[in-house]
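Notes follow once the structure below has been shown.
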Amino acid sequence: MEEPRAADRGAGSTAPHHDGSQDGPPPTSAGRRAVRLLLCGAGGPWQAALVDCLRRTARLEGVRLELVDLGVDAIAAAGRLRSLRVRSGGDEAPAPTLVVAADRERPDPRWLASLLDALAAPDELARGEEESPGSERLAASEAAIRAAAARTAAADARSRSDPPVAAPLHVVLLSSAEVHAPSHKHLGMVGEEALAVRGDDDPRARRWRRLEKVAEEGCALAGSTLTVLRPAWTPVAGAPDFASRIFTGRAAWTFPGHDPVLQVLAPMDLARAVLLAAQAPLTGVFHLVPDGALHLRKALRAAGVRRLVAPWWLQTVARRLSGRDRQRAAAERLRYSWTASGERSRELLGFVARCNSWEALNGLRDDDDGDRDTGPMEVSDPFGEDREYIGRFQRTLWRYLHDVHWRVEEHGVEHLPYEGRAVLVGIHRGLMPWDGVMLHSAVQRHRGRFVRFLIHPSLIKMPFLYNYMTKIGGMPACQENAARVLEEDGLLGIFPEGIRGAFTYYRDAYELKRFGRDEYVRMALRHRAPLVPFVTVGSAEIFPIVAKIDWTWWRRYSEWPTLPIAPPFPLLPIPLPTKWHTRFLEPLPVHEQYGPEAADDREIVAAISLEVQQRMRVAWHTLRARRRHLFRGGLDDAREAAERAR
């Protein structure tokens with residue numbers, strides 16, 4: 003599809019209050035904007051709620067709305083639409099907008115293809131199709147309609163002396179943010195152009211993508227402009243779709259160890275986005291999402307739904323035995339995140355949701371039954387960070403590990419910034435990411451700040467580890483996520499060796515090899531951030547890798563390169579109580595030495611990376627040489643003096 007055109011973005015730029023009112027006097031009848039919507043969809047409670055919200059929103063926004071329901075049958079709706087378009091000809095009448103509300107539970111690309119093909123067909127052929135039976139018509143008409151439409155388009159291109167009587171048609175397709183499949187590889191807050199992840203086999207996502215493709219091809223054939231709106235879950239009481247059943251029922255089955263972040267849109271916000279799209283007919287795709295997100299547990303509590311827990315495999319077996327296997331793909335959205343970014347709709351469409359996810363869910367029920375939390379609730383970080391969760395671990399487990407189990411000593415904490423952005427660069431050893439956790443704890447202790455680490459997808463694939471890594475601030479490694487942290491003046495943590503460092507044999511644990519990638523340097527240069535290297539001695543021994551098993555099944559399941567034998571892992575996943583020493587090195591002010599354009603200079607990037615590695619290697623070896631004992635004691639100051647003298 004084409005990129006959105008920003009020529010007509012002005013409608014709806016006023017920022018109203020949450021109750022829908024706007025500053026200033028209400029518009030007069032003569033000054034009210036006119037919108038003509040022709041609605042065609044699957045019907046049912048969800049579409050009825052949309053119609054009601056469209057009418058209410060139009061009144062609140064001062065829009066003179068003409069809304070025509072074309073019904074459910076695609077061919078009949080197309081015929082009715084053609085007659086309405088002809089009758090609406092005239093300069094003063096608003097251009098009609100066809101709003102296609104696809105079935106939320108099972109969108110049907112064939113139904114949409116029939117509708118758009120009938121619109122593109124000549125009048126005689128369309129009338130003939132209206133007389134044929136429904137099922138046979140859908141199967142037999144497709145090729146004939148496309149061929150006739152192509153001939154008509156060619157004839158129109160050769161001669162434009164007789165312009166069409168019908169008003170130009172703008173199509174708004176209500177797709178879904180479910181085009182993004184839930185996955186542990188999901189990068190979080192993705193844009194409209196990022197669709198599939200590697201290994202995506204989600205049938206719901208594929209069906210929504212196919213629906214959008216059919217709409218794009220059909221509108222191109224019919225000469226219509228197309229705006230695709232992808233709303234987040236928009237549950238409605240009584241609707242049969244998965245989201246509505248989950249958040250309006252009495253109980254919902256969830257997965258242990260998985261508490262993904264969700265985005266939920268209020269129906270009134272969806273209606274306002276449709277009106278904005280009708281008034282500013284941009285060509286493109288737009289996510290409709292609220293600010294922030296909610297963890298699933300909080301979302302169910304906001305909706306007053308009881309949370310039930312059962313393992314993934316048990317729920318899968320139960321669905322197959324009960325004949326509800328199609329719900330498995332939908333249930334995956336309660337296992338992994340599939341959040342989307344609404345930046346494009348804010349910039350080009352002028353859409354900002356007035357209700358966050360908690361408010362959208364809290365207003366679903368009219369009754370006071372259930373365990374609904376009606377008090378104010380903080381909206382979660384869109385990537386899943388939970389600072390209450392971090393605080394609980396900081397006071398309990400992390401405190402024990404830091405002060406008792408590993409007795410961590412930090413050196414050079416004066417190099418940690420009190421404010422502003424920075425990239426913390428470290429060396430990862432010891433199989434499990436406890437060195438990153440202890441760094442997180444140290445920075446919070448000494449500076450009261452939170453570090454966001456870029457992590458490998460395998461760390462958030464397994465239950466419980468998914469919860470832990472996302473809630474303490476882990477983010478899938480990518481340029482976009484790094485940019486988000488740094489542009490918000492945050493602290494970004496990176497282990498440039500990646501997963502290779504974690505799986506290093508113990509005999510080579512203190513050999514720092516050349517970093518495979520220098521992206522961390524480019525991130526710092528592009529976003530004007532200093533580099534703060536740090537090294538840790540003692541973490542390599544908590545799970546010393548002495549052997550590796552090349553097990554195909556384990557590689558597929560865990561996405562680890564091998565199954566490591568690192569006593570006491572895998573028999574007992576309790577780390578050894580070694581003595582840790584962490585040193586923060588003097589920052590490299592690359593943001594002062596170079597401009598952002600240096601990120602594209604390979605020689606500069608390589609030189610900076612080499613300097614970082616040399617500093618870390620020297621500090622690491624010095625720290626190890628000064629270590630008196632593997633399990634106890636401090637550093638040997640005499641050795642440090644000798645090293646400096648040398």
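Just so you know, the sequence shown maps onto residues 3 to 648 in the numbering used here.
A virtual CB, placed ideally from N, CA and C, is assigned to each residue, including glycine.
Check each candidate in Thr584, Glu543, Arg558 and name the one with the smallest Cα separation from Pro570. The count along the sequence shown starts at 1 and reaches residue 570 at position 568. If you compare the alpha carbons of Thr584, Glu543, Arg558 with that of Pro570, the shortest gap goes to Glu543.
Neighbour-count burial assignment, Glu412, 16 or more Cβ in a 10 Å radius: Numbered from 1 along the sequence shown, position 410 holds the residue referred to as residue 412. Classification of Glu412: buried, given that the 10 Å Cβ count is 16 or more.
Where the alpha helix (DSSP H) through Thr554 begins and ends: As a working note, residue 554 is residue 552 in the sequence shown. Judged by DSSP secondary structure, Thr554 falls within the alpha helix (DSSP H) whose first and last residues are 554-560.
Residue from Ala280, Pro233, Gln265 whose Cα sits closest to the Cα of Arg35: If you number the sequence shown from 1, residue 35 lands on position 33. Of the listed residues, the one whose Cα sits closest to Arg35 is Ala280.
In terms of residues, what are the limits of the alpha helix (DSSP H) holding Val425? Numbered from its first residue, the sequence shown carries residue 425 at position 423. Note, Val425: premise wrong, no alpha helix (DSSP H); beta strand (DSSP E) at 424-427.
Where does Ala549 fall in DSSP's three states? Here residue 549 corresponds to residue number 547 of the sequence shown, with the count starting at 1. Strand at Ala549.
Do the segment 405-420 and the segment 319-330 make contact, defined as three or more Cβ pairs closer than 8 Å? Because the criterion of three Cβ pairs below 8 Å is not met, the segment 405-420 and the segment 319-330 do not touch.
On the CB-based measure, 16 or more other CB atoms within 10 Å of its CB, does Glu594 come out buried or exposed? Counted from its first residue, the sequence shown places residue 594 at position 592. Residue burial annotation: Glu594 is exposed, with fewer than 16 other C-beta atoms found within 10 angstroms of its C-beta.
If we call anything under 7 Å between Cβ atoms a contact, is Leu456 one with Ile496? Here residue 456 is taken as the residue at index 454 of the sequence shown, counted from 1. Here residue 496 is taken as the residue at index 494 of the sequence shown, counted from 1. In contact: Leu456 and Ile496 (Cβ atoms closer than 7 Å).
Please confirm whether His448 and Ser339 have their CB atoms less than 7 Å apart. As a first step, residue 448 is located in the sequence shown; it is residue number 446 there, counting from the start. As a first step, residue 339 is located in the sequence shown; it is residue number 337 there, counting from the start. Note that the C-beta distance between His448 and Ser339 is not below 7 Å.
Contact between the segment 263-270 and the segment 349-367 is defined here as three or more beta-carbon pairs at a separation below 8 Å; is this criterion met? The segment 263-270 vs the segment 349-367: in contact.
Note down the Cα distance separating Lys473 from Ser611, rounded to an integer number of angstroms. The residue labelled residue 473 in the question sits at position 471 within the sequence shown. The residue labelled residue 611 in the question sits at position 609 within the sequence shown. Distance between the alpha carbons of Lys473 and Ser611 is about 30 Å.
Looking at the unbroken alpha helix (DSSP H) that takes in Phe395, where does it start and where does it end? Indexing the sequence shown from 1 puts residue 395 at position 393. Note, Phe395: alpha helix (DSSP H), 389-397.
Can the beta-carbon of Pro98 be found closer than 7 Å to that of Arg38? Residue numbering aside, residue 98 sits at position 96 when the sequence shown is read from its first letter. Residue numbering aside, residue 38 sits at position 36 when the sequence shown is read from its first letter. Yes; because the gap between Cβ atoms is below 7 Å, this pair is in contact.
Taking DSSP as the reference, what is the three-state secondary structure of Ser161? Residue mapping note: residue 161 aligns to position 159 of the sequence shown, counting from 1. With a pLDDT of only 40 at Ser161, under 50, the local geometry of the prediction cannot be trusted, and the value read off the model is given with reservation. Here Ser161 sits in coil by DSSP.
Min CB distance Ala331 to chain B below 7 Å: In the displayed structure, chain B is absent; only one protein chain is listed.
Residue from Thr318, Glu613, His404 with nearest C-alpha to Val445: Working through the sequence shown from its first residue, we reach residue 445 at position 443. Cα-wise, what sits closest to Val445 is His404.
Which residues does DSSP pair with Phe455 in a beta bridge? Residue 455 sits at position 453 when you count from the first residue of the sequence shown. DSSP, once it has assigned bridges, lists Gly495 as partnering Phe455.
From Ala44 to Asp105, what distance separates their C-alpha atoms? To locate residue 44, count along the sequence shown from 1; it is residue 42. To locate residue 105, count along the sequence shown from 1; it is residue 103. Approximately 5 Å, taken between the alpha carbons.
Helix, strand or coil: how does DSSP classify Val410 here? Taking the first residue of the sequence shown as position 1, residue 410 is located at position 408. Looking at Val410 - three-state DSSP - the assignment turns out to be coil, as it is neither helix nor strand.
Any idea which residues DSSP pairs Ala342 with across the strands? Position 340 of the sequence shown, counted from the first residue, corresponds to residue 342. Bridge pairing for Ala342: Val192 [DSSP].
Exposed or buried, which one is Gly492 when buried takes at least 16 other CB atoms within 10 Å? Position 490 of the sequence shown, counted from the first residue, corresponds to residue 492. Gly492 sits buried, since 16 or more C-beta atoms from the chains shown fall within 10 Å of its C-beta.
Could you round the C-beta distance between Trp408 and Val439 to whole angstroms and report it? I think they count as a contact, below 8 Å. On the sequence shown, position 406 is the one that residue 408 refers to. On the sequence shown, position 437 is the one that residue 439 refers to. So it is not a contact: roughly 11 Å between Cβ atoms.
Taking the alpha-carbon positions, what's the Ala150 to Leu223 distance? Walking along the sequence shown from the start, residue 150 turns up at place 148. Walking along the sequence shown from the start, residue 223 turns up at place 221. Low local confidence applies: a pLDDT of 45 at Ala150 is under 50, so the model's placement there is unreliable, with the coordinate-based value given in what follows. Straight-line spacing of the CA atoms in Ala150 and Leu223 works out to 11 Å.
Compare the C-alpha of Leu625 against each of Val65, Ala608, Asp293, Thr538 and name the closest. Within the sequence shown, numbered from 1, the residue matching residue 625 stands at position 623. For the residues Val65, Ala608, Asp293, Thr538, the minimum Cα distance to Leu625 belongs to Thr538.
Just verifying my parser: in three-state terms, what is the DSSP assignment at Ile567? By 1-based counting over the sequence shown, the position of residue 567 is 565. Strand at Ile567.
Looking at the strands, I want to know which residues DSSP matches up with Met270. Against the sequence shown, residue 270 aligns to sequence position 268. Met270 has no beta-bridge partner at all, per DSSP.
What is the DSSP secondary structure of Trp210, counted as helix, strand or coil? Residue 210 sits at position 208 when you count from the first residue of the sequence shown. The DSSP-derived three-state label of Trp210 is helix.
Roughly how many angstroms separate the alpha carbons of Leu310 and Leu100, rounded to a whole number? Locating residue 310 in the sequence shown gives position 308, counting from the first residue. Locating residue 100 in the sequence shown gives position 98, counting from the first residue. Taking C-alpha positions only, Leu310 is separated from Leu100 by approximately 41 Å.
Can you tell me which of the three DSSP states Arg628 falls into? Walking along the sequence shown from the start, residue 628 turns up at place 626. Annotated three-state conformation of Arg628 is helix, per DSSP.
If Tyr512 sits next to Ile547, beta carbons under 8 Å apart, how far is it from one beta carbon to the other, in whole angstroms? Residue numbering aside, residue 512 sits at position 510 when the sequence shown is read from its first letter. Residue numbering aside, residue 547 sits at position 545 when the sequence shown is read from its first letter. About 13 Å separates the two Cβ atoms, so there is no contact after all.
According to DSSP, Trp255 sits in a beta bridge with which residue or residues? For the purposes of this step, residue 255 is taken as residue 253 along the sequence shown, with counting starting at 1. DSSP lists Leu310 as partners of Trp255.
Using the DSSP secondary-structure output, state which residues sit across from Pro233 in a beta bridge. The sequence position of residue 233 within the sequence shown is 231, counting from 1. In DSSP, Pro233 forms a bridge with Leu290.
Trp555: buried (16+ other C-beta within 10 angstroms of its C-beta) or exposed? Position 553 of the sequence shown, counted from the start, is the residue given in the question as residue 555. Exposed is the call here.
Would you say the segment 475-495 touches the segment 568-587, given that touching needs at least three Cβ pairs under 8 Å? As far as the Cβ criterion goes, the segment 475-495 does not touch the segment 568-587, which means the pair count is below three.
Span of the alpha helix (DSSP H) holding Pro47? Here residue 47 is taken as the residue at index 45 of the sequence shown, counted from 1. 46-63 is the extent of the alpha helix (DSSP H) around Pro47.
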